[in-house]
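What follows is a set of notes on a single structure, which appears directly below.
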Amino acid sequence: MSAVQTRKLIVLAAIWATLLLAPYWMIPLGGYTALATRVLVLGLAAMSVNFLLGFTGVLSFGHAAYFGLGAYGAGLTLKFLAPSTPLALVLGMLLGGLCGAILGTLIVRRRGVYFAMVTIAFGQVFYYIAFQWSSLTGGDDGLRGFSRQPIDLGLFKLDILSNANNFYYFVLFCFALVAGAMAFILRSPFGRTMIAIRENERRARFLGIPVERHIWIAFTLSCFFMGFAGALYALVNNFADPRGLHYSQSGDFVMMAVMGGMRSFWGPLLGAAVFVVLQDYLSSITVNWMSFVGLLFVLVVLFFPRGLLGFLQRSKA
Amino acid sequence: MTQLLLFNVTNGLIIGAFYVLMALGLSLILNLSNVINFAHGGFLVIGGYIAYTITPYVGFWGALLVAPPLTAVIGLVVERVLIRPLYGRDPLYSLLLTFGMAFIIEDGTRFIWGPQGKPVTIPAFLAQPLSNDLFFITGYRLFMVAVVMIAVALLFLLLRHTRLGIRIRAGTLDLETVAALGINVQMLRSLNFAVGIYLAGLSGVLAAGQLGLEPTMGTGLLMPSFIAIIVGGIGSLPGTLVGGLLIGVASGLTAVFLPAASEAVIYVMMAVVLLLRPRGLFGEEGMMS
Numbered sequence: 000m001s002a003v004q005t006r007k008l009i010v011l012a013a014i015w016a017t018l019l020l021a022p023y024w025m026i027p028l029g030g031y032t033a034l035a036t037r038v039l040v041l042g043l044a045a046m047s048v049n050f051l052l053g054f055t056g057v058l059s060f061g062h063a064a065y066f067g068l069g070a071y072g073a074g075l076t077l078k079f080l081a082p083s084t085p086l087a088l089v090l091g092m093l094l095g096g097l098c099g100a101i102l103g104t105l106i107v108r109r110r111g112v113y114f115a116m117v118t119i120a121f122g123q124v125f126y127y128i129a130f131q132w133s134s135l136t137g138g139d140d141g142l143r144g145f146s147r148q149p150i151d152l153g154l155f156k157l158d159i160l161s162n163a164n165n166f167y168y169f170v171l172f173c174f175a176l177v178a179g180a181m182a183f184i185l186r187s188p189f190g191r192t193m194i195a196i197r198e199n200e201r202r203a204r205f206l207g208i209p210v211e212r213h214i215w216i217a218f219t220l221s222c223f224f225m226g227f228a229g230a231l232y233a234l235v236n237n238f239a240d241p242r243g244l245h246y247s248q249s250g251d252f253v254m255m256a257v258m259g260g261m262r263s264f265w266g267p268l269l270g271a272a273v274f275v276v277l278q279d280y281l282s283s284i285t286v287n288w289m290s291f292v293g294l295l296f297v298l299v300v301l302f303f304p305r306g307l308l309g310f311l312q313r314s315k316a
Numbered sequence: 000m001t002q003l004l005l006f007n008v009t010n011g012l013i014i015g016a017f018y019v020l021m022a023l024g025l026s027l028i029l030n031l032s033n034v035i036n037f038a039h040g041g042f043l044v045i046g047g048y049i050a051y052t053i054t055p056y057v058g059f060w061g062a063l064l065v066a067p068p069l070t071a072v073i074g075l076v077v078e079r080v081l082i083r084p085l086y087g088r089d090p091l092y093s094l095l096l097t098f099g100m101a102f103i104i105e106d107g108t109r110f111i112w113g114p115q116g117k118p119v120t121i122p123a124f125l126a127q128p129l130s131n132d133l134f135f136i137t138g139y140r141l142f143m144v145a146v147v148m149i150a151v152a153l154l155f156l157l158l159r160h161t162r163l164g165i166r167i168r169a170g171t172l173d174l175e176t177v178a179a180l181g182i183n184v185q186m187l188r189s190l191n192f193a194v195g196i197y198l199a200g201l202s203g204v205l206a207a208g209q210l211g212l213e214p215t216m217g218t219g220l221l222m223p224s225f226i227a228i229i230v231g232g233i234g235s236l237p238g239t240l241v242g243g244l245l246i247g248v249a250s251g252l253t254a255v256f257l258p259a260a261s262e263a264v265i266y267v268m269m270a271v272v273l274l275l276r277p278r279g280l281f282g283e284e285g286m287m288s
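Structure representation (structure tokens):
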């Protein structure tokens with residue numbers, strides 16, 4: 000095994016050890032388990048955005064819509080359909096992914112800023128639907144009246160509602176599944192093609208790659224991942240919020256990805272951790288936290304455009 | 000019924016006029032610099048609050064003259080200091096930067112002027128309705144539409160007949176060639192940005208007289224302006240003009256029959272346009288990809 004491979008394995012083991020032990024080291028540091036769960040879910044969302052942004056090079060600025068759709072899908076399932084957590088996750092993912100697949104066909108031919116504009120505008124459609132359709136979604140107040148259900152494992156039931164640690168490990172398990180799927184796709188020939196499109200779209204086209212179809216598939220996949228993350232988020236809060244679909248939420252996700260490092264697989268998770276902890280802290284000490292978040296955007300763009308991981312790798316080299 | 004219809008169409012046209020002013024500024028900046036200015040609504044709010052602050056000293060007419068250029072100067076500084084370093088980079092970065100600035104501006108205005116809405120006093124003779132039957136057509140509304148029309152006409156004259164305007168249009172098509180011809184592209188981008196922000200400031204002053212001022216008012220106008228651009232066709236300013244009026248009237252008309260859908264209808268229009276004519280009503284082939 001080469002030195003590079005060994006180092007990669009060590010890093011990977013360190014990441015998973017950190018995640019597995021999070022409930023134990025977070026509390027002495029002044030955190031709480033629910034915060035770790037939130038980081039994990041939002042990190043997954045940021046990784047899904049980055050699947051498109053960092054690895055296909057397509058700028059979607061409306062991904063919060065599919066996140067929110069996942070949340071509403073899960074919430075509505077638990078409230079009206081069946082008290083089953085796995086079913087809620089699956090249906091939430093399907094709702095986000097299928098809506099993404101349909102809209103993707105309209106969006107996929109745009110590039111650059113125009114892609115961003117059209118994705119923002121379409122994302123807002125779902126925001127308005129969630130906001131206006133009060134009888135189903137609860138409108139401005141959000142969707143309430145559901146809660147995550149125990150997981151039936153045959154031999155015993157896993158209580159994820161009142162036991163924060165159990166729930167954290169359940170979310171971590173889901174996170175591992177999706178992150179594994181993402182890594183698998185990125186290592187497949189399809190994933191290599193995505194990167195080829197990012198690096199040089201024209202050359203990829205000349206090689207005979209159907210660029211539009213690949214972008215559509217990548218977009219749809221990332222919407223499915225996003226829907227899944229959204230469904231998990233509904234379970235975290237036992238609540239779905241229309242503001243989760245708003246384009247400002249999309250901006251937060253893109254920011255997490257950029258802040259952590261767009262070119263790396265784990266960057267967005269790091270970005271989400273920093274972002275969530277910072278926001279949690281700022282909103283507890285000042286009412287003007289919006290200014291500070293805005294300032295963070297400006298500073299990251301001007302001084303750390305490669306994100307934290309990009310910055311570290313640069314200074315090491 | 001006729002009156003209700005007329006009322007809503009007028010409303011729609013007036014809202015549409017706002018969209019047009021906002022969208023034209025956004026469109027100018029987008030076309031030449033490839034920057035989606037998320038802070039455009041923020042500049043509108045700044046224009047409005049500047050007008051509110053100086054009205055006691057210079058009156059409404061003075062504010063109408065002074066506030067937009069002041070806003071443009073602020074815009075110029077922002078462009079110089081923050082946006083210029085990003086021109087060579089992925090458009091993602093300017094998008095994120097202006098997105099963050101929109102937060103700062105909204106929070107900043109709330110910090111300086113407070114979260115409550117502020118009224119801007121308009122001259123008494125403009126506040127009167129023109130007749131009892133058409134109670135909704137106040138002098139101010141007519142005045143607003145007139146100002147927007149004059150501003151749009153001047154903008155198009157500027158673009159067609161002045162050296163600056165011709166350079167802006169040429170730069171939209173092919174900035175590299177324009178640079179190769181020895182034109183200072185940085186300066187061109189700055190001036191173009193300032194013109195765009197001037198329009199945002201102007202709509203801020205006009206909106207302040209009609210709706211009063213709130214720190215969040217810019218955000219609500221931003222999304223329809225995006226859609227006006229997409230519907231009209233990216234890259235085409237006349238398209239933006241038509242798109243803005245169209246979605247204004249459409250949402251006004253929908254408000255008569257199905258009030259809940261008055262905001263959704265503009266998104267439906269966008270989807271239909273993108274399906275049937277992906278480049279937008281007046282867009283040129285290939286501009287959007």
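If you read the protein sequences in the order shown, they are chains C and B.
Everything in the first sequence is counted per numbering that gives the first Met the number 0, starting at 0 for the first residue and increasing by one.
Everything in the second sequence is counted per numbering that gives the first Met the number 0, starting at 0 for the first residue and increasing by one.
All residues carry an ideal CB built from backbone N, CA and C; glycine is no exception.
These numbers were taken from a predicted model, which means no experiment stands behind them.
Asp139 of chain C carries a helical assignment under DSSP once its states are collapsed to helix, strand and coil.
DSSP places Thr215 of chain B outside both helix and strand once states are collapsed to three, so it counts as coil. Counting only residues of its own chain and dropping the five nearest sequence neighbours on each side, Arg110 of chain C has no CB closer than 6 Å to any other CB. By the C-beta density criterion, Tyr280 of chain C is exposed, having fewer than 16 other C-beta atoms within 10 angstroms. The contact set of Phe155 of chain B on chain C, defined by CB atoms closer than 7 Å, is empty, because the minimum CB distance reaches about 23 Å. Judged by beta-carbon spacing, Leu187 of chain B lies beyond the 8 Å limit of Arg168 of chain B, meaning their Cβ atoms are not closer than that value. Here Ala239 of chain C is not near Leu86 of chain C, since their CB atoms are 8 Å or more apart. No residue range can be given for Thr55 of chain C, since it is assigned to no alpha helix (DSSP H) and is classified by DSSP as neither H nor E.
Put simply, the segment 93-105 of chain B does not touch the segment 196-213 of chain B. Fewer than three CB pairs are less than 8 Å apart. The C-alpha of Val271 of chain B lies about 32 Å from the C-alpha of Met100 of chain B. Within the segment 130-171 of chain B, no beta strand (DSSP E) run of at least 3 residues lies entirely inside it.
With a minimum length of 4 residues, the unbroken runs of alpha helix (DSSP H) contained wholly in the segment 10-39 of chain C fall at 21-25. When C-beta distances to chain B are compared with 8 Å, the residues of the segment 298-314 of chain C below that value are Val299, Val300, Leu301 and Pro304, in chain order. A check of alpha carbon separations from Glu262 of chain B across B:Leu172, B:Thr54 and B:Met222 identifies B:Met222 as the nearest. Here Phe166 of chain C has Thr36 and Ile159 as same chain residues with Cβ atoms under 7 Å from its own Cβ, once five neighbours each way along the sequence are excluded. Residue environment for Pro214 of chain B: buried (at least 16 other C-beta atoms within 10 angstroms of its C-beta).
With a cutoff of 8 Å on beta-carbon distance, Leu43 of chain C and Phe174 of chain C are scored as near each other.
What Asn33 of chain B touches in chain C, judged by beta-carbon distance under 9 Å, is Gly111 and Val112, going in chain order. Contact check for Leu240 of chain B against Val230 of chain B fails: the beta carbons are separated by 8 Å or more. Ala81 of chain C sits in coil when the DSSP states are folded into three classes, being neither helix nor strand.
Segment contact: the segment 50-68 of chain C against the segment 107-123 of chain C, three or more CB-CB distances shorter than 8 Å; contact assigned. Boundaries for Tyr86 of chain B: no alpha helix (DSSP H) harbours it, and the DSSP string shows neither H nor E there. Taking 8 Å as the CB threshold, Pro258 of chain B stays off the interface with chain C. For the segment 72-90 of chain B, the residues whose beta carbon sits under 9 Å from a beta carbon of chain C are, in order, Leu81, Pro84, Leu85, Arg88, Asp89 and Pro90.
Bridge pairing for Asp151 of chain C: C:Lys156 [DSSP].
Within the segment 8-86 of chain B, the runs of alpha helix (DSSP H) that reach at least 4 residues and sit entirely inside it are, in chain order, 39-77. Counting only runs of 4+ residues, the alpha helix (DSSP H) found wholly inside the segment 64-126 of chain C occupies 84-106, in chain order. In this chain, the alpha helix (DSSP H) harbouring Asn165 of chain C covers Ala163 to Arg186. Cβ-Cβ distances below 7 Å link Leu4 of chain B to Val255 in the same chain, with the five nearest sequence neighbours on each side left out; the list follows chain order.
Within chain B, the residues Leu94 have their CB atoms less than 8 Å from the CB of Phe60 of chain C, given in chain order.
Cβ contact annotation for Tyr65 of chain C (same chain, cutoff 6 Å, sequence separation greater than five): Gly95, Gly99, Cys222, Met225 and Gly226, in chain order. Annotation: Cβ neighbours of Leu274 of chain B in chain C (cutoff 9 Å, chain order): Leu105. Per the C-alpha coordinates, the member of B:Leu257, B:Val44, B:Phe225 and B:Gly47 positioned closest to Gly279 of chain B is B:Phe225. Identification of residues in the segment 142-174 of chain B having a C-beta nearer than 8 Å to some C-beta of chain C yields an empty set. Neighbourhood of Ala120 of chain C in chain B, by CB distance below 8 Å: Met222, Phe225, Ile226, Ile229, Tyr266 and Met269, in chain order.
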